[in-house]
Every structure is written in structure tokens, then in C-alpha cells.
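A short write-up of the structure that comes next.
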Amino acid sequence: MTKPSEEPVFFPLIHRPGEAQVDLGEAAVKVEGVLRKVIFFVMVLPHSDAIYVQVFERECLEVWCEGHIRAFDFFGGVPNLITADNAKSLVAKVIGPNERKLTVGFLALKSHYLFDTHFCRVRRPNEKGVAENIVRYSRLNYMVPVPQVRSLRELNEYLEERCRRELNRKLRGKTKTKGELLEEDKAAFHPLPAVRFDASRKASTFVSSMSLVRFDRNDYSVPVKHAHQTVLVKGGIERVEVFRDGKLIACHRRLWTKGDASYQPRHYLELLERKPGGLDHARPFEGWELPGCFDDLRRRLEANYGTDGKRDYIQVLMLLGKYPISRLAKAVKKALDYGAIRPDAVRQFLVTTVRAA
């Protein structure tokens, strides 16, 4: 009698229309010449073998949610059942072999799109083996050689186009293309809801004495008048927005490193008026890129009026709280041309420029 193999043996599985599997993988990407490690999200429909792939900065709840949403939009509907592993962003607690307590954020996504979930048994990722294979396929076919792009958005546009082209393929043993089989998947899908899910993570927090709010281990500035107040922070894939009493008070590009800070100099202009020394010594103004005419204005003001000249220059900068920098720059250039460089004169040129526009 032949002794049974000790290697694991599996059943070939039935892949019904309308079901999906998801997973994450890692890859290296060069963004503006800098080599970085990123993660990529994959969703595959095993019945049709249609795939969707997108890259993100790192794993977190927002990435999982955004990956699902983009895939739903790409496929034109919502799979009725999605199989995933027990990622901490999705599963708050494994209660038993078939029972999971979902995280609040993923439960909100599931409730919005009305799909069912199946989670692999612990240490049994083969239960989503199709997605595991697509992770390997995507890495070899889309991430080798190392992509060189200007932004992750550019890479994602390329990946979406590659996924679209994949729909024209006919796999071995199949009589229809992926795109034709996708129509069978779509017949079993739930329709997309009228409103797109907001994948941002929200947190109530307190503005520090340096007019900063902390979100996901990074700091973001808000206007100094909101220091020591409670605000709502919304962190999405690309932006971090800060609200006070329902009103948007700050918007930043999201930072993905640890312990970094994003400053917007305009947020500190009101404080600069009271503490002019901050112009040369405060971090928010370090490396502030202004049109060259501003440097010319400051030099002439300080040469002519000394300390008062610096205060005059700050008064000109204060106008950025009301006018766009392009218009203020035009007014500053006129002031320099006419030799009338005090704040009142710049303000007058600015009003004239606005009326002319």
C-alpha cells in the first residue's frame, strides 16, 4: 500500500460569478529618482480572472478601503462575496474559525457597499490562492524592472490601463476572454451605490500651542487663531483636511513618513505680526518660496527703514491672507518700479491690479 504524501493536498475550488479575492503585496518603485518601497492592492474575480491593481504608500485602513472602492468603480459593480486575510486594518478580533469582529472602518465600507466577506483561517492564505497568484503575477509583470515615475498617481494610471488590456486575454482552457467572462461576474454583482464611500479616516484632536494637529504620527499646521481648540481631522490617501465646527480650516498633502511636519506659512502670518522675529527663525517660514520681487522688496525696505522696514515687509506678507500670491506679486513689482514700497502703497497697487483684472 502506498504511503500517503505528507505534503498538503487541496481541492480544486469552484469559482462562482460575482465573487472576489483581495490581497496586498510589496514592490520597489522609483518616484522622481528616489527608490521607495510601496505596497500594492489587488482584487481578482476568480470566475473571469479579471484583475485590478493599484499602488499605495503603505498598509492602513484608508488604503484597504480606497483599493476596494477603485476596484468596484473599475469593474462596474460590487462583488457579492469578498475573500481576504485577517489584516489588522480589516479584522479587530478573530473570534473563531468562521467568525470575525471587523474594525469600525471596514465595517462601514462593507455596510455601504453591501458585500459579504469570507476571511481565511489563520495561517491558511491558500484560501485566497487566486489573489496570492495575482500578487506574484503583478509584481513580475508590472513591477519588474523597477518602475520609474513622477508620482504614484502616474503609476496607478499605467496599472489601470494594463488591467483594462488584460480583459482582452483568453486564458488556457477558457473559451471566452476575461472581458466576456467579466460580464457574467457583473450579472451577479450588487450595483454601485449612488454615493461614493468616503475612505478617509477621521479623528477628533486638539490643536497644539504651535498651531499643529497630529494625525498618523505626523503634524499639520492650521491657522494660529485655532490654537488650543478641538478640531476634526480627515486623512485620505492624498490629503489631510482639518475642520472646525464643520468648516474647512486647513488642507495639506498627506505625509507618509514618521515624525514629519507640513507647514503652511500663511497659517502663521497673524502670529508673525506680533512676533516679527519668527520671519527668520520659525520653521514655517524656512524655505518659503516666494517670487524674487519679495526678496527685492524686503532688502529695499530694510535698507531704507531698518527695523521698521522689516515690520513693513511683514505687513505686505499679511496681504496673502486675503489675496492670491500672483496678484500680490504684481503689486509688489509695481511698487518697486515706482519706488513706492511702503505697505500702504503696495496695498493701493494691489487694489488697482484687482480692479483691472
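Sequential numbering from 0 applies to the sequence shown in numbering that gives the first Met the number 0. No residue lacks a Cβ here, since even glycine has one placed at the ideal position from N, Cα and C.
Residue j beta carbon less than 8 angstroms from that of residue i
| i | j | result |
| --- | --- | --- |
| leucine 335 | isoleucine 313 | no |
| phenylalanine 196 | isoleucine 68 | yes |
| alanine 281 | tyrosine 267 | yes |
| methionine 42 | alanine 86 | no |
| aspartate 295 | arginine 341 | no |
| alanine 202 | valine 241 | no |
| glycine 235 | aspartate 215 | no |
| leucine 331 | phenylalanine 284 | It is worth fixing the name first, because residue 331 is valine in this sequence and not leucine. No. |
| phenylalanine 105 | glutamate 159 | no |
| tyrosine 322 | leucine 349 | yes |
| arginine 149 | glutamate 31 | yes |
| glycine 76 | proline 192 | no |
| glutamine 228 | arginine 243 | yes |
Contact set for residue i: own chain, Cβ-Cβ below 8 angstroms, skip 5 residues either direction
| i | result |
| --- | --- |
| leucine 211 | Asp218, Tyr219, Ser220, Val221, Ala260 |
| valine 37 | Glu25, Ala26, Ala27, Val28, Val54, Phe55, Glu56, Arg57, Leu151 |
| alanine 198 | Glu61, Cys64, Glu65, Ile68, Leu108, Gly235, Ile236 |
| phenylalanine 205 | Val212, His227, Gln228, Thr229, Val230 |
| asparagine 303 | Ile340 |
| leucine 139 | none |
Nearest residue (CA-CA) to residue i, options the options
| i | options | result |
| --- | --- | --- |
| arginine 253 | Tyr262, Lys92, Glu237, Arg265 | Glu237 |
| glutamine 359 | Arg35, Cys119, Pro290 | Past the boundaries of the shown model lies residue 359; the chain is included only from 0 to 356, so the question cannot be answered. |
| serine 207 | Arg216, Val239, Pro192, Val223 | Val223 |
| serine 88 | Ile81, Met317, Ile13, Val62 | Val62 |
| threonine 102 | Pro45, Arg200, Asp295 | Arg200 |
| asparagine 17 | Tyr51, Pro78, Gly291, Val52 | Reading off the sequence shown, one finds glycine at residue 17, where the question assumed asparagine. It is Pro78. |
| isoleucine 81 | Gly128, Val93, Cys59, Ala91 | Gly128 |
| glutamate 272 | Lys309, Gly291, Met209 | Lys309 |
| arginine 412 | Glu179, Thr174, Lys173 | Past the boundaries of the shown model lies residue 412; the chain is included only from 0 to 356, so the question cannot be answered. |
| threonine 306 | Ser325, Gly276, Gly286 | Gly276 |
| tryptophan 287 | Gln263, Cys59, Lys274 | Gln263 |
| histidine 117 | Val93, Val194, Lys274 | Val93 |
C-alpha gap between residue i and residue j, whole angstroms
| i | j | result |
| --- | --- | --- |
| lysine 329 | aspartate 343 | 15 angstroms |
| glycine 66 | phenylalanine 40 | 6 angstroms |
| threonine 176 | leucine 166 | 7 angstroms |
| leucine 154 | threonine 256 | 20 angstroms |
| leucine 171 | aspartate 48 | Note that residue 171 corresponds to arginine in the displayed sequence, not to leucine. Whole-angstrom Cα-Cα distance: 11 angstroms. |
| valine 230 | glycine 258 | 20 angstroms |
| arginine 135 | tyrosine 141 | 10 angstroms |
| proline 45 | histidine 14 | 6 angstroms |
| leucine 113 | alanine 186 | 16 angstroms |
| tyrosine 51 | serine 110 | 22 angstroms |
| leucine 316 | leucine 327 | 9 angstroms |
| valine 345 | glycine 338 | 10 angstroms |
| aspartate 84 | methionine 209 | 41 angstroms |
| aspartate 184 | lysine 100 | 28 angstroms |
| serine 325 | arginine 297 | 17 angstroms |
| serine 137 | lysine 246 | 42 angstroms |
| cysteine 59 | glycine 291 | 41 angstroms |
| tyrosine 157 | threonine 174 | 28 angstroms |
| histidine 225 | lysine 274 | 17 angstroms |
| proline 144 | glutamate 6 | 34 angstroms |
Cβ neighbours of residue i in the same chain (closer than 7 angstroms, five flanking residues each side left out)
| i | result |
| --- | --- |
| arginine 265 | Leu319, Gly320 |
| alanine 130 | Gln20, Val21, Asp22, Val41, Val43 |
| aspartate 115 | Asn79, Leu80 |
| isoleucine 133 | Val41, Val43, Ile50 |
| threonine 333 | Inspection of the sequence shows that residue 333 is occupied by lysine rather than by threonine. Counting only Cβ-Cβ distances below 7 angstroms, and skipping sequence neighbours, we find Phe348. |
Cutoff 6 angstroms; reference residue i; Cβ partners in own chain excluding five residues on either side
| i | result |
| --- | --- |
| leucine 270 | Val223 |
| histidine 251 | Tyr219, Val239, Ser261 |
| valine 33 | none |
| valine 90 | Arg99 |
| arginine 168 | Lys177 |
| leucine 181 | Ser47, Ala49 |
| arginine 299 | Ile340 |
Ignoring anything shorter than 3 residues, give me the beta strand (DSSP E) runs that lie fully in the region 11 to 65, in order along the chain. 18 to 30, 33 to 44, 49 to 55
Along the chain, which unbroken stretches of the beta strand (DSSP E) at least 3 residues long are found entirely within the region 242 to 278? 246 to 252
For a minimum of 4 consecutive residues, which ranges assigned as the alpha helix (DSSP H) are wholly contained in the region 144 to 196? 151 to 165, 177 to 187
At which residue ranges does the region 294 to 349 contain complete alpha helix (DSSP H) runs of 4 or more residues, listed in the order of the chain? 306 to 317, 324 to 337
Beta strand (DSSP E) runs contained entirely in the region 99 to 130, provided each spans 3 or more residues: 115 to 118
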